[in-house]
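79 is the number that the UniProt record's numbering gives to position 79 of the sequence shown; each next residue is one higher, with no gaps. Where a beta carbon is used, it is the ideal one built from N, C-alpha and C, also for glycine. Everything below concerns the one structure shown next.
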Amino acid sequence: MWAKDTGGGIICRPYILTPPDLTSPIHHHHHRLFFFFLRNSIINMPPAVPSPYEEAQEHLLAVDIEDGIKLRIRNLTRKSDGGTSILHGINMDIPKGVIVGIMGPSGSGKSTVLRALNRLWEPPAGTVFLDGRDIRDLDVLALRRKVGMLFQLPALFEGTVADNVRYGPQLRGKKLTDEEVCKLLSLADLDSTFFHKAGCELSVGQAQRVALARTLANEPEVLLLDEPTSALDPISAQNIEDAIVKLKEKQGMTTVIVSHSIRQIQRIADIVCLLVDGVIVEVLKPDKLSEAWHPMALRFLQLSS
């Protein structure tokens with residue numbers, strides 16, 4: 001619940017380099033979840049939530065501040081082609097400047113939620129609001145500049161690191177200076193020595209950080225991360241995590257990250273949502289995951305530890 005693109009593909013080992021077409025679209029829930037987070041405080045579930053959940057969440061403080069909400073999700077629903085429910089009327093609010101972690105078993109709908117936030121798929125039912133505005137009223141390219149996304153595996157374009165970082169702004173007729181490129185690389189935890197390197201010379205971890213810098217070049221207000229470190233070694237993964245935290249601390253970036261790594265979520269997230277069968281069953285602070293009560297959430301956490 002809660003809360004590349006086609007064109008002429010160029011292969012440059014170990015990456016498939018594809019210029020993006022950003023317009024390509026890449027059981028029943030019995031209660032509504034309204035989730036707010038502000039300065040270590042989280043909105044609690046309404047009374048319709050089962051009492052065990054309420055008891056487990058007594059330490060959470062309800063705070064409703066309208067102008068603090070960056071993304072608002074209402075009644076997000078999806079079914080498979082065969083009619084099986086994937087998401088069940090999700091309602092969620094994501095405040096400005098927080099890192100929200102979404103966890104849960106494979107197939108629970110985590111990436112589906114993420115992709116709805118910048119219209120990589122269009123929900124048949126439900127609405128997503130960005131700063132109070134229905135995202136369906138926004139130009140899709142403008143939306144994806146505001147709500148950037150980083151995928152599991154990096155896909156860099158042919159050319160240098162600097163060429164990759166400059167790509168998005170060039171589509172809008174803007175050319176980044178060398179200084180601006182280096183600043184973006186720094187935000188992604190890369191130094192200026194990478195400026196002239198070719199994408200095919202980089203490790204997967206370095207390429208993922210270049211992909212992050214390229215996303216940041218569009219000056220997004222929200223960053224969506226879909227398992228961004230799952231293919232990386234521990235050191236490279238930590239470099240990406242450091243960059244995510246730095247973006248929050250220095251720029252107040254609102255971030256939603258899907259991850260199977262408990263350690264990662266506990267290290268960087270402000271709040272954790274556990275998703276099971278298309279429903280958010282737990283909303284906890286990272287250091288309170290041991291207080292999860294839902295049986296499937298508990299099993300997932302135990303197997304993931």
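With a minimum length of 4 residues, the unbroken runs of alpha helix (DSSP H) contained wholly in the region 132-182 fall at 140-146, 161-171. Secondary structure of L232 (DSSP, three-state): coil. For the pair L225 and F151, the Cα-to-Cα distance works out to about 6 Å. Nearest to L117 by alpha-carbon distance, out of F194, S186, L223, L190, is L223. Counting C-beta atoms within 10 angstroms of its own C-beta, E219 has fewer than 16 neighbours from the protein chains shown and is therefore classed as exposed. Under the 10 Å beta carbon count, A207 is surrounded by 16 or more other beta carbons and is classified as buried.
In the structure shown, P286 adopts helical secondary structure according to DSSP, grouped into three states. About 6 Å separates the beta carbons of S108 and D277, which is inside the 8 Å limit, making them a contact pair. For R119, no alpha helix (DSSP H) segment is defined, and its DSSP state is neither H nor E.
When the alpha-carbon of I94 is set against those of E122, H88, G132, L87, the nearest one is in G132.
In the three-state reduction of the DSSP assignment, L274 falls in the strand class, which pools E and B.
The C-alpha of W293 lies about 45 Å from the C-alpha of F157. Among the bridge pairs identified by DSSP, T254 is matched with V222. I99 sits away from I73, with the two beta carbons spaced by 8 Å or more.
Per the coordinates, the alpha-carbon of T77 lies some 10 Å from the alpha-carbon of E122. Pairing A188 with A213 gives a Cβ-Cβ distance under 8 Å. In the DSSP annotation of this structure, the continuous segment of the alpha helix (DSSP H) that includes F300 starts and ends at 295-304. C-alpha of G168 to C-alpha of T215: approximately 8 Å in a straight line. A distance of 8 Å or more separates the beta carbons of E291 and Q264.
In the three-state reduction of the DSSP assignment, G109 falls in the coil class, being assigned neither a helical nor a strand state. The three-state secondary structure of G126, taken from DSSP, is strand. DSSP, read as helix, strand or coil, puts G82 in coil.
Rounded to whole angstroms, the separation of the alpha carbons of P286 and R267 is 8 Å. Straight-line spacing of the CA atoms in C182 and K250 works out to 16 Å. Sequence-distant Cβ neighbours of T229 in its own chain, meaning closer than 6 Å and more than five residues away, are A237, I240.
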